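948 is the number of the first residue of the sequence shown in our numbering; add one for each residue after it.
For glycine and all other residues, C-beta sits at the position ideal for the given N, C-alpha and C.
Given the structure is predicted, the values throughout are model-derived calculations rather than measurements.
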Amino acid sequence: MFQYKCLNPIATAGLNQLSGQYVQVDGLEDADAVLVRSADMHSLELPDTLQAIARAGAGVNNIPLDLCAEKGIVVFNTPGANANGVKELVIAGMLLAARDIVGGVNWVDSQTGNPDVQKQAEKEKKRFAGSELRGKKLGIIGLGAIGVQVANAATHLCMEVYGYDPYISVDAAWNLSRSIHHITDVEQIYAQCDYITIHVPLMDSTRGMIDQAAIAKMKPNAVILNFARDLLVDEKAVITALEEGHIHRYVSDFPNPVTAGKKGVITTPHLGASTAEAEENCAVMAVTELRNFLENGNIRNSVNYPNCDMGVCSHVARVAIYHRNVPKMISRFTEVLGDMNIQNMSNTSRGNYAYTLVDLDAAVSDEIVAGLKAVDDVIKVRVVKNGDGNLA
């Protein structure tokens, strides 16, 4: 029996994936797993019994990843589950920036009760005229799940698309339209593109990457779109550039005091993944990841531990060992296991941390578990399956 806690409302489509061996609890102190969306977990006291956290979404800035890794808590996210919803809003953002749709709608709203509104509209509409997307150059920084979908969609709008991603995955490359121009120097995008959209994770290396120097290289008609994270862009520099007429528009999904209501800024209230479909996709994916981990010990889409997948255990026992990524750990584990016959083993690493799954032909005793825990640099040991074929 597993106990889980929802820190935010999670779509029913996801929770329905949980079988009868899962029970929802009110207290975090009783939970084996946590499902979360945007709730800030940095100030929470995480119990030693907590095994995993699944974020129903891509960003994990609300979760203390390093602390979780040190406590042997595997953190999952759901990359790509909300990609279509974000992609559609990016396309909408480009259309809103290309033509003053917002200004036109606001003008019509201001004409309530005006019997001459139709005639007046013909005179006023030139104030809201814009340009078409067809033939414009779109630069995409980051070709992950969202970036690839934006790129492919933009080609169907007859835009000329340039993509920059020095770390593009094989899967992303296969899914990318052959008409996309692959750029190896991001400054080419700054200098050449009419629309620039950013789709990279927020890290120390990407924080504020679109800064004053980058903006200075852009065209005076350039539009910057940010549906990833507000801190990727130096927004004070953006406001200055808008005031000076150096860029045309800034479209963001992250309202804050710097950008809200400023001239040249179009801001939506964090709507990127706010569709019923995206929330369901994220919930289903998060629950699937949790179940596979809790029931089989497998890790897919973790952000603080390495991926590791040995399928469903068909042997007597399976043990998961969380440890630091240092030499000779496997030999130490096999020494503790002694005469036990190892049927299958997988050892993977990610940065400072590693994860080892071991399938055995006999039940694992408390003494063996204690011996594994006593090995230097072991963080946690979990018996996933033991002896009678039941989940441990």
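Simplified DSSP assignment, three categories, for residue i
| i | result |
| --- | --- |
| F949 | strand |
| A1030 | helix |
| G1208 | coil |
| G1336 | Confidence at G1336 is low in this model, with a pLDDT of 44, below 50, so its placement is unreliable and no value can be given for it. |
| N1228 | helix |
| R1176 | coil |
| Q998 | coil |
| F1023 | strand |
| R908 | Lying before the first or after the last residue shown, residue 908 is absent from the chain, which here runs from 948 to 1339. |
| V1117 | helix |
| D1324 | coil |
| E1015 | Position check: residue 1015 holds Cys in this sequence, whereas Glu was assumed. Residue state, collapsed to three classes: helix. |
| L1319 | helix |
| G961 | helix |
| Q968 | coil |
| V1250 | coil |
| L1085 | strand |
| N1009 | coil |
| D1122 | Per the sequence presented here, residue 1122 reads as Asn, with Asp not at that position. The answer is helix: DSSP assigns N1122 an H, G or I state. |
| N955 | coil |
Environment of residue i [buried if 16+ CB atoms lie within 10 Å]
| i | result |
| --- | --- |
| G967 | exposed |
| N1337 | Reliability of the predicted coordinates at N1337 is poor, the pLDDT of 45 falling under 50, and the value obtained from them is presented with this limitation in mind. That one is exposed. |
| A1098 | buried |
| M1287 | buried |
| K952 | buried |
| R1196 | buried |
| D1112 | buried |
| T1206 | buried |
| T1025 | buried |
| I1289 | exposed |
| C1105 | exposed |
| S1199 | buried |
| K1073 | exposed |
| A1160 | exposed |
| R1154 | exposed |
| V972 | exposed |
Limits of the unbroken alpha helix (DSSP H) element including residue i
| i | result |
| --- | --- |
| S1278 | 1276–1284 |
| Q1139 | 1133–1139 |
| V1097 | 1092–1103 |
| E1182 | 1182–1190 |
| I1162 | 1159–1163 |
Supposed contact pair residue j and residue i - C-beta distance, whole angstroms, cut 8 Å
| i | j | result |
| --- | --- | --- |
| W1054 | E1071 | 6 Å |
| N1291 | H1262 | 7 Å |
| Q964 | V1170 | The Cβ separation is near 40 Å, so there is no contact. |
| N1254 | N1272 | With a Cβ gap of about 14 Å, N1254 and N1272 do not count as contacting. |
| I1145 | I1213 | Between I1213 and I1145 the Cβ distance is about 16 Å, and since that is not below 8 Å, they are no contact. |
| V1331 | A1267 | 6 Å |
| D1141 | K1083 | 4 Å |
The beta strand (DSSP E) enclosing residue i, as first and last residue numbers
| i | result |
| --- | --- |
| D1306 | 1300–1307 |
| A1076 | Careful: A1076 lies outside any beta strand (DSSP E) and carries neither H nor E. |
| I1194 | Taken as a continuous stretch (DSSP letters only), I1194 belongs to no beta strand (DSSP E), as it is neither H nor E. |
| A1264 | 1264–1271 |
| A986 | Taken as a continuous stretch (DSSP letters only), A986 belongs to no beta strand (DSSP E), as it is neither H nor E. |
heavy atom of the ligand HEM below 8 Å from residue i C-beta
| i | result |
| --- | --- |
| V1263 | For the ligand HEM, the structure offers nothing, since it holds no ligand at all. |
ask   = Which runs of the alpha helix (DSSP H) fall wholly inside the stretch 1041–1067 and span at least 4 residues, in chain order?
value = Given a length threshold of 4 residues, each whole run of the alpha helix (DSSP H) inside the stretch 1041–1067 is given here in chain order: 1048–1056.
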